[in-house]
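Beneath this line is the structure, given in structure tokens, with notes to follow.
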Amino acid sequence: MATMAPAVEYKGKVIDFPFENPEEEKIPDDELHEHLAKPSTERTKRLKARCRWKHASAGEFVEHGVRAGIERMRLVTEAHKASRGKPEVTRRALILERCLNKGTICLQTDEKIIGYHAEDPNYFPLYPELSYMNVKDYLMSDYSPQPEAEAEAINDYWKPYSLQAKCEQYFDPIDLTRMYQVSTMEAPTFAHGYNSIIPPYETVLEDGLLKRIKMAEEHIKEAKAELAKEPWDGSKQLSWIPKIDNWQAMVIADKAVIAWARRYARLCKIVAENFESDPDRKKELMEMAEISNRVPAEPCKGLKDAFQAKWYTFLVCHGIERYASGFAHKEDKVLYPYYKASVIDKTFQPMTHADVVEYVEMERLKISEHGAGKSRGYREIFPGSNDLFILTLGGTNRDGSDGCNDMTDAILEGARNIRTTEPSIVFRYSKKNRPQTLRKVFNCVRDGLGYPSIKNDDVGIEQMKYYSKFSMNNNGATDEEAHDWCNVLCMSPGLCGRRKSQKTRSEGGSAIFPAKILEITLNNGYDWAYSDMQLGPETGNAEDFKTYDDLLEAFRKQYSYVMSLVVRAKDVGRHIETQYLQIPFVSSIDDGCMELGEEATHLSEQPNGWHNPITTIVAANSLVAMKKLIYDEKKYTMKQLMDALKANWEGHEEMRKDFKNAPKWGNDDDYADTIIQSFYEDILGGEMAKVTNYSGGPVLPVGQAVALYMEVGSRTGPTPDGRYGGEAADDGGISPYFGTDTKGPTAVLKSVSKVQKNQKANLLNQRLAVPMMRSVHGFDIWHAYMDTWHDLNVDHVQFNCVSTDEMRAAQREPEKHRDLIVRIAGFSARFVDIPTYGQNTIIARNEQNFGPQDFEFMNLELGQ
Amino acid sequence: MVSNEQQTIKMPLITEIQRFCLQDGPGIRTTVFMKGCPLHCPWCHNPETQNRKREIYYYPNLCTGCGRCVEVCPQEACTLEIGSDGTPSIKIDRDQCIACTSCVDACMSGAREAVGQMLTMDEILRECLSDQPFYKRSGGGVTLSGGDPLYFPDFSLALSRRLKEKGIHVAMETSCFPNFKVIRPLLDTIDLFIVDIKSMDPVKHRQAIGWPLEPILENIGLLIENDANVRIHLPIIPDFNDSADDCRAYVNFLAPYAEMLTGVDILPFHAYGEGKYNFLGRTETYAYKGVEDKPGEQIRILARELSKAGIVGINVGGVVGMGTEKGERPQRREVVN
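Chains as they are written, first to last, in our numbering: chain A, 1 to 864; chain B, 1001 to 1337.
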């Protein structure tokens, strides 16, 4: 129990013994986080209490009543049938139009930001046009859309049209079977069909959709004139036809979105005029009606406009036109002009800073309620969350000045108050960032939210410039635009703004599993531990590798095979998308697509290719152990090792001890680090960079984890790092394996900083000791640590700042610890919603002790 | 390769070189723990650093009772015992144990660990220099600790000299037990002396700790007289030095130095060391089993009284905070009102 000392009088002055955070008095350590949650208003308290969370645990939805709705499937199918014969892009616009015109809309008590993408806020839509397997998955579950027979029929109708079916024909059945094992690689992106994009919110907020419609109509007019020009030149003029189709689809889509927002406006007005008895709420509803009537049709004038227009745009881009994961935008930059208008200048929708914080809290709850409709397999790898929603803050502006503003602070304050796992926040750390905002970043970290996850601003900027060089239309990011980046998903930066942002998942996302690839490398490409089949080319048996280089070369071949296959799958998917899965609304709000009459899935101005190696450290530590004990010291033969691995080390305990005690990553150990650096830079990065994707740029590794390290760990047999078969793999990107970093956080940073070449991003998990973070000196120490992290040019770091005591307490009494949030990999999750297996891996991460854990709560300076 | 330096210097065993320490002086520090101390404070929370010789930790919770250690022990010091609930464990006759580490090599489950490594000066130095970028940003550096680094004055001098050459801030945690002529050469290389005072009662001091109090107090005076930076550590031990009289004695002794001290850290008792006594097979010798490790009212009174006496930079437990510019001596007074 932390008890504050009584004040004393000293030299005529009263001196208190304050805690850094006064709320922390009298809170037992194992309940700390339960007491930190404090929504800033009564409204957000109520909204949080009744939030319809869509979290899943071990693949099951946690809240009762959550299920798939049938409405979108039905409307999509009706529109698809009714639009036969029309150009495909037009059909896509008409499908969107029908969803928006006919879809049920709902208004919930207390909410000020309105809009949902399914017929019931407990439901989420399904996307039969993307993946028949995914719908089938729901049909077989307790969350099946009702009536089931109708859903079944719809899925059967779509099977030949679905992205998955269209892509599969271009792959050898053997390759397909290998991909669907999710053993050496994640299943191909066309199997689930979801997208990953950064919507250009700026155009919606700044221009309004009416202006976008006008732009498209003018382009159509010009195009038609060009088409009619004499003398006819078929080799040139025919190219106007697909452009006209695209612009026309944009017009249909934008008009539908305006009409849909106005349906919400009418709903608010009807409720206000006929049903609402509370005069205050009545006034609010009338204001909401007025806002939805005006935006997103017209440009936003105040902050309430901006939050609402942004929300409508999010729903269409991520949940209605197509399913796309993410919540990618540079939110402080997008909203600041409207913050300025409403809070500082008070020219429109005058508000206080506190009002803005409440809006942030409300928006976070909307995201928490947003259902994604991922398949069971994907729900399992995102335990404790509903999907990957990540927004970005901080960094620098185009002119290099500090990107932090009062909106940044409001977002961080709101996030800290409301304590939801989503959306997660990425903070771009720059030496230019103002201390008051860094302090708020620190406050979130010390409260154990797991976010902001910190990215190195300069690394991101340089990366945007690098990819820009490969632009196919020579119109990639300029040096100024390179400052406009946000994370697309958990880890990988992408350009954001009015143009050139990522619009398809063919650029990035999806994973490759080096630990499993190493395992099959030792077995001539055969997977004996899980799938019992040949998973890669025959590259020889382990006993044949006379030198370490032979071993590495065999690994390289296995890895290259998988890399080319997975990127081919992504690009074939993209090819099909450009033909059948156009996203005309997204096209309409991108300045590039608008100018060029191009489809968003088709146009690529700024390449952003990446793929995620997950379980790298298990593979890397294994290579170190083999090099040391088999090739350098020759203490064991490869034959002995293979016998031990096949026996899961049973009967080979002494040998396992040696392999387990071989140098490990994260200890600033030159022997291990030299091998591992080369593994990252020359093999994982070097080989991947040889692959060129749709956009003409290299594909680079983004080392991360989601929760695939648990899934893939269970599919990976015993490994030469001393790990038993089935044990979890390393939990993220470039983070040391659980408990093997024995020299503390500085040594981890030193190791990590050695890997620089051929990387796009690398996730680093650190656990920080709560007592240190709660000390009055906590911020200064953290700041010094972060500045050194920046000096070392490390790409990323994120913190779990939750004591082992509290996690153990939450395992004992989950109902008392609903608000305990931890960092999994690229996202935060409610601890109690994570399966025990996953919980234990988080507890097992070494708590980075900033000095002996001497004294937990008092750290007082007198006389200050 | 053994350098000339090492041939002539008595090298201590090192129990740990801990990076990212925040409680052993200003900023982010690396602390070198030497094994060996002439004092024997009964509450010591690093009992593994008392004895100069190597020792063996035994972690019963990791032991599978396989009996490999019993087989390999040349002294026949290990016996396998089966508890009443059928759980096997190993009993070690510590008097017979010569710390040869055969059992450490034989153990498959990591239940044994050798405490105290013989490292070369270069190895120690390399580890100390590894975190230089962090020292720079936080005003941190290296802290020599133990045990007591003054038990190995030649080594401490050589190491601190090497560190000074690299511009690193060097602190020393010590009880200041020896004759001042041993300390004097270190005045040039140690930027901050962090000196423990365990009691102001000479009789109690000699009896409980096994060393006279007088030279310690005299050395503190001499350090200050010689313009050294001194920070005082006051470990507050229940029923040993936490009475009102003890409090008065501390204040009376420190008050005259108020202007000259860098700061005073009041270190409330904690029982984190208890596990180590168990691992060393010294459970019986630990007198503070189950003693409440929470701050008492006395600590607040002491902090208040020290403050009244004009002492600044008073810190209770925990993290020390940031240091000053790289490599330079910290201000004598960290906080000036």
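Note that the Cβ used here is the ideal one computed from N, Cα and C, for glycine as well.
Asked                                                                                                          : Found
Delimiting residues of the alpha helix (DSSP H) encompassing Ile1224/B                                         : 1214 to 1225
DSSP three-state assignment for Pro1235/B, whether helix, strand or coil                                       : strand
is_contact[Ala747/A, chain B] using C-beta, thresh 7 Å                                                         : yes
Residue closest to Ile252/A, alpha-carbon to alpha-carbon, out of Ser751/A, Asp658/A, Val586/A, Gly726/A       : Val586/A
Cβ of Arg1231/B within 7 Å of any chain A Cβ                                                                   : no
Interface residues of chain A facing Pro1133/B [CB-CB closer than 7 Å]                                         : Thr788, Asp791, Leu792
Glu806/A burial status per 10 Å Cβ neighbour count (16 or more: buried)                                        : buried
Secondary structure, alpha helix (DSSP H): runs of 4+ residues fully inside the region 1114 to 1197 of chain B : 1121 to 1129, 1132 to 1138, 1153 to 1165, 1180 to 1183
Short CB-CB distance (under 7 Å) between Arg1112/B and chain A                                                 : no
Cβ separation of Arg446/A and Arg774/A, assumed to be a contact under 8 Å, to the nearest whole Å              : 7 Å
Phe738/A in three-state terms, based on DSSP                                                                   : coil
Beta-carbon proximity check, Gly1281/B vs Ile1092/B, cutoff 7 Å                                                : yes
As assigned by DSSP and simplified to three states, the class of Arg1029/B                                     : strand
Same chain only: Cβ atoms within 6 Å of Trp311/A, ignoring 5 sequence neighbours per side                      : Ile113, Gly115
Cross-chain neighbours of Met1011/B in chain A, by beta carbon under 8 Å                                       : Those within 8 Å of Met1011/B in chain A number zero; the least Cβ separation is about 21 Å.
CB contact check: Ser1130/B to chain A, cutoff 7 Å                                                             : yes
Val1195/B beta carbon less than 7 Å from that of Ile1232/B                                                     : yes
Closest residue to Met655/A among Leu641/A, Trp665/A, Ala569/A (Cα-Cα distance)                                : Leu641/A
Of the listed residues Asp245/A, Gln237/A, Pro199/A, Glu206/A, nearest to Glu217/A (C-alpha basis)             : Asp245/A
Cα-Cα separation, Gly838/A to Met710/A                                                                         : 7 Å
8 Å Cβ cut-off: residues of chain B touching Glu654/A                                                          : Met1108
Residue-chain proximity (His777/A, chain B), Cβ-Cβ < 7 Å                                                       : yes
Within-7 Å CB hit, Arg1126/B to chain A                                                                        : no
Under 7 Å (Cβ pairs) to chain B, residues found in the region 657 to 669 of chain A                            : Lys657, Asp668
Gly1263/B in three-state terms, based on DSSP                                                                  : strand
Selected residue, minimal CA-CA separation from Pro199/A, among Lys211/A, Val334/A, Asp175/A                   : Val334/A
Same chain only: Cβ atoms within 8 Å of Pro736/A, ignoring 5 sequence neighbours per side                      : Ile617, Lys664, Trp665, Gly666, Asn667, Asp730, Val748, Ser751, Asn846
Candidates Asp484/A, Arg376/A, Gln677/A, Gly778/A: closest to Ser468/A by CA position                          : Asp484/A
Contact set for Leu1129/B: own chain, Cβ-Cβ below 7 Å, skip 5 residues either direction                        : Lys1166
Cβ-based burial, Asn1252/B [other Cβ within 10 Å; buried from 16]                                              : exposed
Three-state class that DSSP yields for Pro22/A in the structure shown                                          : Only weak support is given to the placement of Pro22/A: the predicted model assigns it a pLDDT of 46, under 50, and the question is left unresolved by the model.
Cutoff 7 Å: Arg1137/B Cβ touching any chain A Cβ                                                               : yes
For Asn693/A, three-class secondary structure by DSSP                                                          : coil
Chain B residues whose Cβ lies nearer than 7 Å to that of Asp780/A                                             : Gly1321, Met1322
Selected residue, minimal CA-CA separation from Ala58/A, among Ser235/A, Pro835/A, Met472/A, His783/A          : Pro835/A
Sequence-distant residues of its chain with Cβ nearer than 8 Å to Val1072/B (five each side left out)          : Ser1102, Cys1103, Asp1105, Ala1106
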